[in-house]
Amino acid sequence: MRLVVVSIGRLKQGPEQELAERYRERFEDIGRKLGFRGLAIHEIPESRARDAATRISEEAGAIAAAIPEKSVLVALDEHGKSIDSATFARQLGQWRDDGIANTIFAIGGADGLSPELQRKAKLRIAFGSATWPHQMVRVMLLEQIYRAATILAGHPYHRA
Numbered sequence: 001m002r003l004v005v006v007s008i009g010r011l012k013q014g015p016e017q018e019l020a021e022r023y024r025e026r027f028e029d030i031g032r033k034l035g036f037r038g039l040a041i042h043e044i045p046e047s048r049a050r051d052a053a054t055r056i057s058e059e060a061g062a063i064a065a066a067i068p069e070k071s072v073l074v075a076l077d078e079h080g081k082s083i084d085s086a087t088f089a090r091q092l093g094q095w096r097d098d099g100i101a102n103t104i105f106a107i108g109g110a111d112g113l114s115p116e117l118q119r120k121a122k123l124r125i126a127f128g129s130a131t132w133p134h135q136m137v138r139v140m141l142l143e144q145i146y147r148a149a150t151i152l153a154g155h156p157y158h159r160a
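For the sequence shown, this note's numbering gives the first residue as 1, with consecutive numbering after it.
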């Protein structure tokens with residue numbers, strides 16, 4: 001199974017980008033041994049539309065265009081479920097074992113994800129009840145993906 005993070009906005013040079021890349025590389029090292037075919041990041045420019053509804057719609061169209069057939073969509077959404085790392089790992093492992101070709105993680109822009117994308121998502125997850133900047137959500141998601149791989153591999157990184 002291939003994992004793809006589709007995110008509105010770019011990570012600029014700096015500590016967030018370095019940390020995101022570190023977790024992506026760590027996942028690559030362990031993920032292939034677990035049957036994952038890689039972890040890609042697809043950045044989509046933020047919409048420049050004047051009103052929120054148009055921005056959400058334009059960004060949703062760009063995200064939808066980046067989702068291949070036979071994919072599972074996971075929406076990062078502040079109103080989603082807060083799940084623990086072990087549950088997240090089990091879910092990724094289950095989708096991998098079920099032969100899902102792609103798992104797509106969608107991170108919306110400042111206005112959030114469209115209701116249509118939220119409905120299409122097989123899973124909606126939140127990193128707590130706080131609202132996070134999309135740059136931080138990307139770093140936290142990549143860390144959780146790496147952590148999930150270490151849990152599936154029985155690696156001691158996750159000590160819960």
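All C-beta atoms, glycine included, are put in the ideal place defined by N, C-alpha and C.
Tell me whether residue i sits in a helix, a strand or coil according to DSSP, three-state version.
| i | result |
| --- | --- |
| Ala86 | helix |
| Glu25 | helix |
| Ile56 | helix |
| Leu141 | helix |
| Arg10 | coil |
| Arg2 | strand |
| Ala130 | coil |
| Arg48 | coil |
| Tyr157 | coil |
| Ile67 | coil |
Excluding the 5 residues flanking residue i on each side, which residues of the same chain have their C-beta closer than 7 Å to its C-beta?
| i | result |
| --- | --- |
| Gly128 | Ser82 |
| Lys120 | Leu73 |
| Arg138 | Val5, Ser7, Leu11, Ala20 and Ile107 |
| Ser114 | Ile56, Ser57 and Ala60 |
Could you give the first and the last residue of the continuous beta strand (DSSP E) run that contains residue i?
| i | result |
| --- | --- |
| His42 | Leu39 to Ile44 |
| Leu34 | Segment: none, Leu34 is in no beta strand (DSSP E) and carries neither H nor E. |
| Arg124 | Leu123 to Ile125 |
With a CB to CB cut of under 8 Å and the five nearest residues on each side skipped, what residues in its chain are close to residue i?
| i | result |
| --- | --- |
| Ala126 | Leu76, Asp77, Glu78, His79, Gly80, Lys81 and Ser82 |
| Ala153 | Ile30, Lys33 and Leu34 |
| Ser85 | Gln144, Arg147, Ala148, Ile151, His158 and Ala160 |
| Lys122 | Val72, Leu73 and Val74 |
Residue i and residue j look like a contact to me (Cβ under 8 Å); what is the Cβ gap, rounded to whole Å?
| i | j | result |
| --- | --- | --- |
| Gly38 | Glu28 | 7 Å |
| Glu21 | Ala60 | Incorrect: roughly 27 Å between the Cβ atoms, too far for contact. |
| Ile248 | Glu46 | Any question about residue 248 goes unanswered here, given that the chain covers just 1 to 160. |
| Ile41 | Ile63 | Actually they do not touch by this definition, with Cβ atoms about 13 Å apart. |
| Ala52 | Asp111 | 5 Å |
Provide the residue span of the alpha helix (DSSP H) that contains residue i, from first to last.
| i | result |
| --- | --- |
| Ala75 | Segment Ser71 to Lys81 is the beta strand (DSSP E) holding Ala75; no alpha helix (DSSP H) there. |
Excluding the 5 residues preceding and the 5 following residue i in the sequence, name in chain order all residues of the same chain whose CB lies nearer than 6 Å to its CB.
| i | result |
| --- | --- |
| Gln135 | Leu11 and Glu16 |
| Ala101 | Lys70 |
| Arg2 | Arg37, Gly38 and Asn102 |
| Leu92 | Ala148 |
For this session: Counting only runs of 3+ residues fully inside the segment 93–120, write out the beta strand (DSSP E) ranges in chain order.
Result: 102–107
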